[in-house]
Amino acid sequence: MPRETAPSLNEKLFFQKALEENLRIDGRAFDQFRALELEFGDEYGVADVRLGKTRIHTHISAQVTAPLPEKPFDGLFTLTTELSPMASPAFEVSRPTPTELLLSRLLEKTIRRSQALDTESLCLLAGQKVWAVRADVHVLSHDGNLVDAASIAVIAALQHFRRPDVSVEGESVVVFGLEEREPVPLSMLHFPLCVTFSFYDLGGGAGEEEGEMRVLIDATSSEEMLRDGGCTVGMNRHGEVCQIAKLGGVPVDAVVLLNCIAVAGQKVREISDFVKGRLESDRKKRDKGGWMEELRAENDRVS
Amino acid sequence: MAPSSTQQILLSPAELSYIHTSLSLSPPIRPDARTASQFRPLVAETDILPSTNGSARICFADGTEAIVGIKAEVEKSRPIYQQNVEELDLSAGAADDEDEDDEVGNGVKGLNEWVELSVEIPGFRDDDSMPVFLSAMLSEALLADGDFTKRLWINRRFHWKLYLDILLLSQPLSYPLPLLSLTTHLALLSTRLPKLKSELDEDPLFDDDWDASEFLYPRAVGKARTRPPVTLLVMAVQENIIFDPSKEELAVAEVVLAVSIGEMSPPSGGGSMEVDSGKGERDLRLLAIRTIDPPSRLTHSGVPNTLNTATGGSAAGTSEQNSSQRESVVEEGVWQPPRGGAKRKLIAAMISKVLERGGVAEEVLDGLDAVELG
Amino acid sequence: MAVSMERFVLPGESLDAEYLPSHPTLPLKLGPGLRHIPPNTITPTVAGQLCSDKRKNAVWVEFNGGRYIPTVGDLVIATINRPSPEFYYASLSDYAPQATLPNLSFEGASRKTRPQLQPGALVYARVSLANKHMDPELECVSSSTGKSDGLGPLNGGMLFTISLGMARRLMLPRPAEQGRVVVLDEFGAAGVSFEIAVGRNGKLWVDSTSLKTTLAIGKAIQETDLKGLNPEEQKKLARKSMKDF
Amino acid sequence: MPLDTSSYSLALLRLDGRRWNELRRLTAQISTQASADGSSYLEMGNTKVICTVSGPSEQKAAGSDRGERDKAGVRVEISVAGFSGVERKRRGRNDKRINEMATTISSAFQTNLFTNLFPHSTITLSLHLLSSDGSVLAALLNASTLALIDAGIPMKDYICACTAGSTSSYSSNDESADPLLDLNAQEELELPFLTVATLGGSDSVSVLVMETKVQVGRLEGMLAVGVDGCKQVREVLDEVVRERGSRILEGTKL
Amino acid sequence: MAITILAPAPAIIPYQAESSPDDSDDGGVDLQGDVSMRPAKRARHSREIITPGEIITDDAQWMRGHGTYVAASSSEIIATVAGTVQKTNKLLSVRPLRARYTPEIGDLVVGRIIEVQSKRWRVDVGAPVLANLPLSAINLPGGILRRRTETDELQIRTFFSEGDLLVAEVQALYQDGSASLHTRSLKYGKLRNGVFMSVSGVGGGGGVVRARRQVWTIDTAHGGGKVDVILGVNGYIWISKHVEVTGGEAAITRIEESVSSTVYSSQNDAIERETRREMARIGGVIQLLVTEGLRVDEDMVMKGYEAAVEVDNLNTGESNAYLSVEKGQEVLKLLRGI
């Protein structure tokens, strides 16, 4: 059975001493993300995010199905996550780890429950036909901070995705192929992202006098293994907090937490801008010779 | 045969031998000095969960605890065609009494599928044999007379669907069947359904006033009472019949029976196992019996001193010799797991001890009746 | 040194005899990454640099990557998982099976005076037994001399993960042209004092007087490894990181 | 049906007659089950929870040794009774929301308990949700604390939890929004809220979970109300423990 | 009546909303964010019971014992369990109201064999982890000073096998808190001729406490003869028929031989029904003491037993050893009267 080697005592001690001297093993500042890279596939809705050695691949797909009986006017949006043994020896097939549970729950809460995707816009024929959008998140390599990287990947892929155009006449729905009509983007209400904080209690014992608390952003896998607690904040660039998850771990002063949320807001704006920039350059790349503008103009004339 | 114990309990041969000999005496001496038919005191309360139609909680003296919540929801009945009735009945359930079909005349008719019963035991999956067996035994007793589901009939188009969720809150230290059965009994007694305001086959409309609701088991005084079934665990050591066995006692039992008894309103059909056609007295009927595999069969036998090298005896050379010697040496004070089945006469005696006038079942039902309801 | 690195090979390609060393008396020795298919075909099983040693009449493929597979005689850095009455159980790397380290295989260890290692402690050890279907066994003492030869518990310091190829490079005495890592020499030349232990299982242990130095050395090696720096670049890197402290 | 949020002004009462900073009826009992090492029964309004603790006891089998051999592991099992909600519903053991709560409780107590005193053993918390009417996670945490105290397992301090909400929904940006303490199920459906658990009477937050969208400006007020609510909860729980302790001490004196 | 059904104990203290949260001491919300806590205040609150998180003292002269911890960067000793403070010289500890048994060297314990390994047994003594009983820590039959041989290792199950009960002493404690037992005394060894009961997990002065004598003999009423009671400090109790050691005080070597011939026996002697009944009565008395949260030691058990016999004698009709709820109350009344 493959198993992950737990960090040795030497590493623990060294890491702790480094934190006391305000150093991180990889030399970053405490509130610094690793190098973020975002690439889009040739297909619409494929995003590949790299955060240091962490790599996440997301694929969006859509198909027409019947809606849920209790929500006839809403389309479906599902998020699935997969952590394969390829990403880290800690993962096993068909045995969900807490990491996997939390990843899927946090994405669910941040993106799906906060209504990032306007599911009402996915309705074609009330009670009969709706779009079912599916986001598959694959973790290709795990070096910590899966949640943040995955949220970036999903949000970027959702914005990049184009679904086939449709026309509804009476009871009949016609789905046009990609070559027949230019596919249309999804309607998004906001773009929430996650920022995860890792807490390190240098005092050793908690209690009222824990003076020495260190807060790191974008922890690597070994930093995650050594942390005393974590907190994931999901929010959008407009300062709306979609979810907070400090699921146990070392107690942290309320003021520190509020501070984290403020930092998260700032980071989310930075990452959002980055994603926007990448989407823009991808659009330009696809739009060689401006034929897309032309097509759009043509469509306008038709309608 | 139903599986015996939820947890294999580990007792030394000396303990087993001591308990067995004590229980074989006449009258038996139980480890806590109870008489053979005496129950341990238990703590019970009903109507504890306002969000249910009926609920009850019981704590046994050994610390095991169960809670039962009953919820009723209105459900549209599947259209039933008369010719299909029998077939449906068979497919739906365990021990349905076909004779009762005669009563369909007035249109009141229940289906076993209107009752859903689930048993949850900590540390067990839903599909493990223990919860499955227990829920089968409990629903078997409940549905045995085919009378119960009729209470759920609203009109020809609607019925109540009754969900019984039976939770064991503690670790299953001893065989939990009696605990679960008694708790279910109390929960059913406390179950109330809203009063029907609509008439005939209209869409049902109910009285909002909870005070006006009606008990599933009406408690009019004087009228013939009907009560939910109870399942009791009865064990025997030699000729002694012992009730409410503790887990240590079960470990030396030679026969263990789970006996389900119900109390009937004056019957219209013929209940074959009727023991006493009482007049105003309790009219008890035997609903089901199951033998339970006694855990004593799985215990190791004791080694008599003569065969024990550590006590100056001489061990047999080979394992075959060893076992044959053990078979032949019957010594007082050495534990031997019981072998073979039970005598018919003994089982009959056990059942009659439950059902007889002034017998254990009556006392248990009297005790349960005394629990303050609502 | 008669080592030559002649060409890059791919798995399955057939090797011409000209690439193989020919020695009049010694039999040909095949090292890691090569397979002999009778009667006389030799093919690589991995992609990498084909190396040969004319004097020893040996040939092998130098490659970087893959998991660590314990081989007898390898020096490794192991993490103690848990003690047992006779062994310590230790892990060498992710995925690898647990190795055993007998309690008494330390210098001067006896029933009474053996080192007490906590779970998570690091030891520098030699693989003494490695069979296909058995857990590998480690030792911290030379069985012939009874001396530790520098093996034993590693206290303090920091553990870095490096590639297997880098670990091999660090341990081979070779001139700089043939892939010697010069970044450490550069630190040494600047008067930085530090201690280092290289495990063939892709682990590097560094200790020095200050945290920053330890980190700088560890990271310099990791960077050399990751970016495949040439000696010039390595020197530059070392000088740059020394400016920080 | 959206609630009429105008009725929530600080001076006014909520639908169930409480003020904005008022807890619901909070009652608890400990040592409710003789066969468990520790047990508790807790009601927060109509949310009712039972917790039993078994252990610390020898770790089962070698399969579960996940490195942590130098301290006790905390295992949490939550079972949600089919009859606990308004509608009868059975939840499978793989329900992610329930598993997330179990992970949270386990992680909170893993740091709060002195698990290093019990190497290679397991403390098992078994929680039953009998009736749910909001603040479920908070009730589960509070019941766990009591049962662990009953079991005599050393801990740094009580972990006390409650929920706090805000009368403005996320979309409206009105500045007059007020915080609310201890929400019931109906309020949870309508309003943004968070669950907060603190260590003892301090401001150290052990658990903070929010699953609804809210303007960042609202948070501070909600958190302050929540943290204060936890202090009130601690007083009540502490009273329960002291009461029980005094009764035991009285009994011992003969 | 065959069945007794009791109502549950009403033990709910309703939460009282503070009438005016703003002027109460700890209530009220500081919306301004100035939410500093005043822990010292709570410390004064204490009656006899200390609860987790409560500061016992900030005086640096005390040393912390069990059930306490010292927060980093302070000298305050804080309780970690609910219980009562105990001061031994300069050592400050909190005794929990209820907890699992923690082994201490010299404890007399009753245990059950759970697992047999090649050179040792693993014994359940009610502690967080199983205790060890090494083969080298038992008396081997045929002379105390006999050397342990490989045959003994192979026949390890003839001494103790899974499920067997034994009485032993805690010889040593390992770093992980588990105990190592020994039975190297004639007092210790395998148990037979009796019944086992477990009253573990009781503390705070109730249940079995470490006492002067854990083992004694009761001369029972109603012709029950002599009954031995072993109160394991771990809350495991063994009640058995008293077996006279043959040979009296003659030659010590003789005793050793005769004892060793039965010390690993799992065969019961003949036991009279009167003895069995009185043993059951003693068990009932102990159970009563435990449910009432009373101390279980020689003194209390003897008093309780005498009271139970008295109550039984007062009852007309046949003597019945069963302590029903009512009888239990009468016994308690007698006990409290003394």
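Residue numbers (full-length UniProt numbering), protein chains in the order written: chain A, 1 to 303; chain B, 1 to 374; chain C, 1 to 245; chain D, 1 to 254; chain E, 1 to 338. Ideal Cβ positions, reconstructed from N, Cα and C, are used throughout, including at glycine.
Would you check if the distance between the CB atom of residue i and the CB atom of residue j is smaller than 8 Å?
i, j, result
"VAL241 (chain A)", "ALA149 (chain A)", "no"
"VAL360 (chain B)", "SER37 (chain B)", "yes"
"VAL61 (chain C)", "PHE106 (chain C)", "no"
"ILE159 (chain D)", "ALA197 (chain D)", "yes"
"PHE77 (chain A)", "VAL154 (chain A)", "no"
"THR115 (chain D)", "VAL53 (chain D)", "no"
"GLU75 (chain B)", "LYS161 (chain B)", "yes"
"ALA157 (chain A)", "VAL255 (chain A)", "no"
"LEU75 (chain C)", "TYR124 (chain C)", "yes"
"ASN81 (chain C)", "SER91 (chain C)", "yes"
"LEU194 (chain D)", "GLU187 (chain D)", "no"
"THR119 (chain A)", "ASP74 (chain A)", "yes"
Excluding five sequence neighbours on each side, which residues of the same chain lie with their C-beta closer than 6 Å to the C-beta of residue i?
i, result
"PRO13 (chain B)", "GLY302 and TRP335"
"HIS66 (chain E)", "SER93"
"LYS156 (chain D)", "ASN112"
"PRO338 (chain B)", "GLU254 and SER296"
"ARG210 (chain E)", "VAL233"
"ARG14 (chain D)", "none"
"ASP70 (chain D)", "PRO119"
Less than 7 Å between the CB of residue i and some heavy atom of the ligand FMN, yes or no?
i, result
"ARG35 (chain C)", "In the structure shown, the ligand FMN is absent, as is every other ligand, since no ligand is present at all."
Round the Cβ separation of residue i and residue j to the nearest angstrom and send it over; I've been treating them as touching at under 8 Å.
i, j, result
"LEU154 (chain C)", "ALA197 (chain C)", "6 Å"
"ALA135 (chain A)", "ILE60 (chain A)", "5 Å"
"ALA264 (chain A)", "MET188 (chain A)", "Rounded, the Cβ-Cβ distance is 20 Å, inconsistent with contact."
"THR122 (chain D)", "GLY55 (chain D)", "5 Å"
"SER84 (chain D)", "PRO122 (chain B)", "About 16 Å; that fails the 8 Å criterion."
"ALA138 (chain D)", "MET44 (chain D)", "7 Å"
"SER24 (chain B)", "GLN238 (chain B)", "5 Å"
"LEU169 (chain B)", "ALA66 (chain B)", "6 Å"
"LEU289 (chain E)", "GLY245 (chain D)", "Between GLY245 (chain D) and LEU289 (chain E) the Cβ distance is about 19 Å, and since that is not below 8 Å, they are no contact."
What residues in its chain sit with their C-beta under 8 Å from that of residue i, if we drop five residues either side in the sequence?
i, result
"HIS222 (chain E)", "GLU274, ARG277, GLU278, VAL309 and SER319"
"GLY40 (chain B)", "Note on residue identity: the sequence assigns Arg, not Gly, to residue 40 (chain B). Closer than 8 Å at Cβ, skipping near neighbours: ASP32, ARG34, PHE60, ALA61, ASP62, ASP244 and SER246."
Enumerate in chain order the residues of its own chain whose CB-to-CB distance from residue i is below 7 Å, with the five nearest sequence positions on each side excluded.
i, result
"THR43 (chain C)", "GLY12, GLU13, SER14, LEU15, ARG35 and ILE37"
"ARG44 (chain E)", "Because the pLDDT at ARG44 (chain E) is just 37, under 50, the model does not fix this residue reliably, and the point stays unresolved."
"ALA349 (chain B)", "ILE241"
"LYS119 (chain E)", "PRO134, LEU135 and GLU153"
| task | Identify each residue in the region 42-58 of chain B for which the Cβ-Cβ distance to at least one residue of chain E is less than 7 Å, and report them in chain order. | result | LEU42, VAL43, ALA44 and GLU45
| Runs of alpha helix (DSSP H) lying entirely within the region 165-206 of chain C, each at least 4 residues, in chain order | 183-189
| task | Note down, one range per segment and in chain order, each beta strand (DSSP E) of at least 3 residues found wholly within the UniProt domain "Exoribonuclease phosphorolytic" (32-164) of chain A. | result | 36-40, 46-51, 54-65, 76-83, 123-125 and 129-141
| alpha helix (DSSP H) runs wholly inside the region 162-240 of chain A, at least 4 long, in chain order | 221-226
| said: To test your reading of the DSSP string, which unbroken beta strand (DSSP E) runs of 3 or more residues are found completely within the region 82-163 of chain C? | reply: 87-91, 99-102, 122-129, 137-139, 152-154 and 158-161
| task | Let me know the beta strand (DSSP E) ranges lying completely inside the UniProt domain "Exoribonuclease phosphorolytic" (22-154) of chain D, each 3 residues or longer, listed in chain order. | result | 26-30, 38-44, 47-58, 73-80 and 121-131
| said: So if I threshold CB-CB distances at 9 Å, which residues from the region 120-154 of chain B count as touching chain D? | reply: GLU120, PRO122, GLY123, ARG125 and ASP126
| task | Note down, one range per segment and in chain order, each beta strand (DSSP E) of at least 3 residues found wholly within the region 35-119 of chain E. | result | 55-57, 68-70, 77-79, 83-88, 91-96 and 108-116
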